[in-house]
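Asks:
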Amino acid sequence: MSLNDAVTVTITDLTDKGDGIGQLDGRTLYVSGALPGEQVQVRLHGVKPKYAQGELLAVLQPSPDRVANFCSHDECGGCQIGILDYAAQLRLKRQRVQQALAAKGLSAEVAACLGMEEPYAYRNKALYAVQATANGAELGFFRKQSHALVRCDDCGIQPALTAELVATVRDWLQTHDIAGYDEAAHSGTLRYLMLRDGRLSGQWQLVLVTLGETLPEVADLLARLARFPQLHSVVQNINPQRGNRILGFSNRVLLGEEGIHDTLCGLDFYLTPLAFYQINPPQTSVLYQQALAACGLGGDETVFDIYCGIGTISLCLARQARRVVGIELVPEAIDAARANAERNGLDNTEFHAGAAEAVVPALYAAGYRADVVVVDPPRKGCERIVLETMLQMAPRTLVYVSCDPDSLARDLAYLTAHGYGLQSVQPVDMFPHTLHVESVACLHRWE
Numbered sequence: 417m418s419l420n421d422a423v424t425v426t427i428t429d430l431t432d433k434g435d436g437i438g439q440l441d442g443r444t445l446y447v448s449g450a451l452p453g454e455q456v457q458v459r460l461h462g463v464k465p466k467y468a469q470g471e472l473l474a475v476l477q478p479s480p481d482r483v484a485n486f487c488s489h490d491e492c493g494g495c496q497i498g499i500l501d502y503a504a505q506l507r508l509k510r511q512r513v514q515q516a517l518a519a520k521g522l523s524a525e526v527a528a529c530l531g532m533e534e535p536y537a538y539r540n541k542a543l544y545a546v547q548a549t550a551n552g553a554e555l556g557f558f559r560k561q562s563h564a565l566v567r568c569d570d571c572g573i574q575p576a577l578t579a580e581l582v583a584t585v586r587d588w589l590q591t592h593d594i595a596g597y598d599e600a601a602h603s604g605t606l607r608y609l610m611l612r613d614g615r616l617s618g619q620w621q622l623v624l625v626t627l628g629e630t631l632p633e634v635a636d637l638l639a640r641l642a643r644f645p646q647l648h649s650v651v652q653n654i655n656p657q658r659g660n661r662i663l664g665f666s667n668r669v670l671l672g673e674e675g676i677h678d679t680l681c682g683l684d685f686y687l688t689p690l691a692f693y694q695i696n697p698p699q700t701s702v703l704y705q706q707a708l709a710a711c712g713l714g715g716d717e718t719v720f721d722i723y724c725g726i727g728t729i730s731l732c733l734a735r736q737a738r739r740v741v742g743i744e745l746v747p748e749a750i751d752a753a754r755a756n757a758e759r760n761g762l763d764n765t766e767f768h769a770g771a772a773e774a775v776v777p778a779l780y781a782a783g784y785r786a787d788v789v790v791v792d793p794p795r796k797g798c799e800r801i802v803l804e805t806m807l808q809m810a811p812r813t814l815v816y817v818s819c820d821p822d823s824l825a826r827d828l829a830y831l832t833a834h835g836y837g838l839q840s841v842q843p844v845d846m847f848p849h850t851l852h853v854e855s856v857a858c859l860h861r862w863e
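This is the structure in structure tokens:
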């Protein structure tokens with residue numbers, strides 16, 4: 417096996433990045449653009465002792481689930497499985513959850529993944545990198561597993577207005593020779609462009625992430641943006657730090673307000689640039705409906721919502737419970753959660769800022785107890801002390817909302833080994849054409 421060899425291989429699985437996996441001469445071979453069940457011809461471009469990488473030359477025996485990619489930008493790292501029929505995508509996501517649970521010895525039935533009727537233009541948030549190039553500042557997405565820029569104005573999972581706003585900002589940048597960001601030199605003016613739309617409110621927000629406080633020719637930009645009545649908020653966010661963090665902590669309002677409104681599950685939320693908010697509104701409603709149903713609330717419960725963000729799940733719970741206690745690391749998110757509760761007239765909530773691994777044990781020590789606990793942790797899952805404290809509280813029901821099947825399975829294995837039975841697992845497709853999948857798992861305490 418040598419570099420540039422052309423070989424034939426059968427693909428058996430996909431990585432979590434969407435690359436096809438095959439076996440060749442005792443090595444695992446990774447092939448971008450290949451699907452399970454396909455026989456493909458590949459040119460080797462990386463050969464290591466235990467694995468190799470290959471460029472797809474031809475699909476000799478295609479999968480029956482292969483479809484034409486809806487997007488012409490297949491070099492972009494966003495939609496990893498756009499070449500897979502949508503029904504097959506949903507089956508694959510269910511299978512990924514099943515495999516993760518089985519690997520931890522869990523045998524609960526996993527329901528069919530709940531998908532979208534129209535899995536396009538679903539994102540309410542777009543994040544464009546801005547880089548310095550020989551032809552001036554350019555905007556786009558990062559190429560797969562790199563920081564090389566791919567210009568992608570006509571993204572099929574973004575609403576149509578996104579392309580017009582991106583084109584307007586690009587023309588403004590290039591007209592005034594405003595520098596994009598040079599990552600190596602840590603120089604330039606504009607680092608990122610973030611767009612967010614309130615899907616039901618119709619309000620849009622445009623955020624310019626700058627390296628420093630200076631942003632030239634703002635008046636001209638605002639004049640160009642005046643033709644978009646949907647824009648209710650234009651904000652400069654300042655991020656002077658090196659690294660991959662997108663947003664800084666300082667905002668300067670250039671037009672309108674610092675945030676926009678959106679309606680989710682009949683509740684009004686105010687979204688500032690730093691607010692975490694799920695990016696697929698229709699499927700977020702589906703996800704939350706599943707979580708609420710799993711809670712089985714009757715109106716007299718105290719519910720803990722751990723990793724509560726700006727209170728989206730908390731406020732949904734508050735309409736059906738006696739009391740909701742939310743915990744979140746980011747103080748600004750807690751401030752927003754309190755404001756959102758007041759905005760929606762829900763006075764049976766309280767929110768605590770701090771790391772869950774510190775706040776949850778402290779609340780338990782102070783006498784707090786929960787009938788139901790909902791957790792929606794980051795990808796790494798729950799800290800062990802959070803799980804241990806949940807077990808000490810001994811709620812009748814635990815509802816675990818997860819964005820990662822592996823960390824979900826790990827934490828479920830711990831909980832089921834300590835007095836809880838796994839009742840149901842419901843995957844929900846929040847990110848069509850990617851390998852990401854959300855799940856709602858329901859556990860009941862053994863009597």
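Numbers 417 to 863, taken from our numbering, label the letters of the sequence shown in order. Ideal Cβ positions, reconstructed from N, Cα and C, are used throughout, including at glycine.
Which stretch, first to last residue, makes up the beta strand (DSSP E) that contains residue 858?
Replies: 854 to 861
Asks: When you compare only the Cα positions, how much space is there between residue 431 and residue 822?
Replies: In a straight line, the C-alpha of residue 431 is about 13 angstroms away from that of residue 822.
Asks: Could you check the C-alpha separation between residue 504 and residue 560 for me, to the nearest Å?
Replies: 23 angstroms
Asks: Mind checking which residues open and close the beta strand (DSSP E) that includes residue 721?
Replies: 718 to 722
Asks: Report, in whole angstroms, the separation of the C-beta atoms of residue 696 and residue 538, which I expect to be a contact under 8 angstroms.
Replies: About 5 angstroms; that satisfies the 8 angstroms criterion.
Asks: By Cβ distance below 6 angstroms, which residues in the same chain neighbour residue 713 in space, the five residues on each side in sequence not counted?
Replies: If you ignore the 5 residues before and after residue 713, its C-beta comes within less than 6 angstroms of the C-beta of 736, 737, all in its own chain and listed in chain order.
Asks: What do you get for residue 862, buried or exposed, if any count of 16 or more other CB atoms within 10 angstroms of its CB means buried?
Replies: exposed
Asks: Which same chain residues end up closer than 7 angstroms to residue 835 when comparing Cβ atoms and leaving out the 5 residues on each side of it in sequence?
Replies: 807, 861, 862
Asks: For the beta strand (DSSP E) holding residue 843, just list the boundary residues, first then last.
Replies: Judged by DSSP secondary structure, residue 843 falls within the beta strand (DSSP E) whose first and last residues are 836 to 844.
Asks: Buried or exposed, going by whether 16 or more other CB atoms sit within 10 Å of the CB of residue 618?
Replies: exposed
Asks: Enumerate, from N- to C-terminal direction, the unbroken beta strand (DSSP E) stretches of 3 or more residues contained entirely within the stretch 506 to 553.
Replies: 541 to 549
Asks: Can you check whether the C-beta of residue 709 is within less than 8 angstroms of a C-beta belonging to chain B?
Replies: The chain inventory of the structure shown lacks chain B, comprising one protein chain alone.
Asks: Enumerate, from N- to C-terminal direction, the unbroken beta strand (DSSP E) stretches of 3 or more residues contained entirely within the stretch 638 to 691.
Replies: 647 to 654, 666 to 672, 676 to 680, 683 to 687
Asks: What separation, rounded to the nearest whole angstrom, lies between the Cα atoms of residue 473 and residue 850?
Replies: 23 angstroms
Asks: Taking Cβ positions, are residue 676 and residue 649 nearer each other than 8 angstroms?
Replies: yes
Asks: Do the CB positions of residue 765 and residue 740 come within less than 8 angstroms of each other?
Replies: Yes, Cβ-Cβ distance for residue 765 and residue 740 is below 8 angstroms.
Asks: Can you tell me the Cβ-Cβ gap for residue 582 and residue 606, rounded? I've got them flagged as a contact below 8 angstroms.
Replies: Between residue 606 and residue 582 the Cβ distance is about 12 angstroms, and since that is not below 8 angstroms, they are no contact.
Asks: If you reduce the DSSP assignment to three classes, tell me which class residue 726 lands in.
Replies: coil
Asks: Can you give me the start and stop residues for the beta strand (DSSP E) that residue 483 sits inside?
Replies: Premise fails: residue 483 is in no beta strand (DSSP E) and is neither H nor E.
Asks: To the nearest angstrom, how far is the alpha carbon of residue 782 from that of residue 837?
Replies: 28 angstroms
Asks: Comparing C-alpha positions only, which one of 645, 665, 642 sits nearest to residue 653?
Replies: 665
Asks: So what does DSSP say about residue 784, is it helix, strand or coil?
Replies: coil
Asks: Just the Cα atoms here: how many angstroms apart are residue 574 and residue 614?
Replies: 13 angstroms
Asks: Compute the distance between the beta-carbons of residue 638 and residue 542, then report whether it is under 8 angstroms.
Replies: no
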